[in-house]
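**Q** Quick note: the sequence shown uses our numbering, first residue 626, plus one each step.
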Amino acid sequence: MINPAKLLKLKSAWDVFAQNHPKFPKFMKAIHQNGVQEGTIIEINVTTADGKTLSSNIKLKESDVTLFSELSELLNN
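1) Put Glu-668 into one of helix, strand or coil per three-state DSSP.
2) In the DSSP assignment, what residue or residues form a beta bridge with Thr-678?
3) Out of Leu-635, Lys-684, Gly-660, which one is the CA nearest neighbour of Ile-669?
4) According to DSSP, is Lys-634 part of a helix, a strand, or is it coil?
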């Protein structure tokens with residue numbers, strides 16, 4: 626069972642993150658509005674403070690799309 630207090634803490638942390646990085650939620654909204662669907666590939670690149678680059682990608686399955694939709698509703702309501 627999901628702990629409501631932890632959900633509120635997560636929502637609060639997201640609000641702070643969104644305030645600190647306002648372009649990111651707009652980017653995520655654009656992705657959501659353009660219809661993320663099964664087969665979509667998400668690639669993430671991270672460059673550490675010392676210059677090391679890490680990257681990975683995933684090809685979304687139907688269950689992934691459902692999860693992202695539910696998380697979006699949770700964080701945006």
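Glycine residues also receive a C-beta, built at the ideal position from the N, C-alpha and C atoms.
**A** Concretely, from the data shown:
1) Strand at Glu-668.
2) Thr-672
3) For Ile-669, the closest of Leu-635, Lys-684, Gly-660 by C-alpha to C-alpha distance is Lys-684.
4) Helix at Lys-634.
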